[in-house]
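> Numbering (my numbering), first residue to last: 334 to 585.
(1) According to the Cβ coordinates, are residue 415 and residue 399 closer than 8 Å?
(2) From 450, 412, 346, 461, pick the residue whose C-alpha is nearest to that of residue 428; which is it?
(3) Which whole-angstrom value describes the C-beta separation of residue 552 and residue 502, a residue pair presumed to lie in contact below a C-beta threshold of 8 Å?
(4) For the region 478-493 against the region 553-562, do three or more pairs of beta-carbon atoms, one drawn from each stretch, fall closer than 8 Å, so that the two count as touching?
(5) Please determine, among 352, 500, 404, the residue with the shortest C-alpha to C-alpha distance to residue 533.
(6) Of all the options 361, 349, 423, 339, which has the alpha carbon lying nearest to the alpha carbon of residue 434?
(7) Are residue 367 and residue 486 close, meaning C-beta to C-beta below 8 Å?
(8) Touching or not, the region 382-398 and the region 562-582, by the rule of three or more beta carbon pairs under 8 Å?
(9) The alpha helix (DSSP H) that contains residue 383, what's its start and end?
(10) How should residue 343 be labelled, buried or exposed, when 16 other C-beta atoms within 10 angstroms of its C-beta is the threshold for buried?
(11) Does the separation of the CB atoms of residue 554 and residue 364 fall below 8 Å?
(12) Taking DSSP as the reference, what is the three-state secondary structure of residue 408?
(13) Looking at residue 516 and residue 550, is the spacing between their C-beta atoms short of 8 Å?
(14) Cβ of residue 510 within 7 Å of any heavy atom in the ligand ZN?
(15) In chain order, what residues of the same chain have a beta carbon less than 6 Å from the beta carbon of residue 360, not counting five sequence neighbours either side?
(16) With a threshold of 6 Å on Cβ separation, who are the neighbours of residue 356 within its own chain once the five nearest residues in sequence on each side are excluded?
(17) Start and end of the beta strand (DSSP E) containing residue 437?
(18) What residue range is occupied by the uninterrupted beta strand (DSSP E) comprising residue 502?
(19) Rounded to a whole number of angstroms, what is the C-alpha to C-alpha distance between residue 466 and residue 580?
(20) Buried or exposed: where does residue 477 fall if 16 or more other Cβ atoms within 10 Å of its Cβ makes it buried?
(21) Please check the pair residue 358 and residue 443, which I expect to be a contact at CB under 8 Å, by giving their CB distance rounded to whole angstroms.
(22) Starting from the N-terminal side, write out each stretch of the alpha helix (DSSP H) that is 4 residues or longer and does not extend beyond the region 512-561.
(23) So for residue 355, helix, strand or coil by DSSP?
(24) If you measure between the beta carbons of residue 547 and residue 499, is that distance less than 8 Å?
(25) Write down the C-beta distance between residue 469 and residue 437 rounded to the nearest angstrom, noting that I regard them as a contact closer than 8 Å.
(26) I need the DSSP call for residue 432, collapsed to helix, strand or coil.
(27) Quick check for students: name the residue ranges of the beta strand (DSSP E) that lie wholly in the region 447-496, counting only runs of 3 or more.
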């Protein structure tokens, strides 16, 4: 069920155990070869594919395209809600549905910069509604819901998500190839993290002058379709677990 197509009375008639899916992404620079709307385009495709498989059992909101992208603000075209503003925005979106008595709310994320404020938002609300054992609040980033490797996707070189990288470039090549510019000429920028497992504060120019991280030159539309399938399956699996949750237990 798509929220944008329903009347308020349609929504009011829904079972309040119906999972509410809120896709959240971003509008930010993606190097010299990729459009600024990449994250939102990719998450939109994945959540639309996932919705088709469970559409009679979940309620999906329109995609929230504004994300926490302050670390990309050195690059024109980026639009961002500052971290604390973004955290409050996510809190508000979730509370809208708590107010309307929905109990299972899942944010599906498509931008790495949303991860920390997104998780914090769900923790804050769980503490605010600490007497509600029937409330399930989840925040999930789509590329953490599947593990694509060279064993499952032929010739895949990267082992993790980068930025305007092999994975993202492949999916945009599958979705909108006319928006990708000369990706085969893009030099590789290794992710690197010499202070691992410490988490280092950074802005994108610390890591990459052109604004990408990864190996975009290895991207193909064929890999993109296989990545879409893998990530969609991961989202659908999560939604099935949410649907099957018994409504009170920790384990589900």
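In this text, a Cβ means the ideal position worked out from N, Cα and C, and glycines have one as well.
In brief:
(1) no
(2) 461
(3) 4 Å
(4) yes
(5) 404
(6) 349
(7) no
(8) yes
(9) 371-387
(10) exposed
(11) no
(12) coil
(13) yes
(14) Among the ligands in the structure shown, none appear at all, so the ligand ZN cannot be discussed.
(15) 369, 370, 398, 412
(16) 376, 380, 396, 441
(17) 437-442
(18) Looking at the DSSP string, residue 502 is not in any beta strand (DSSP E); the run it does join, the alpha helix (DSSP H), is 499-508.
(19) 8 Å
(20) exposed
(21) 4 Å
(22) 537-540
(23) strand
(24) yes
(25) 5 Å
(26) helix
(27) 469-474
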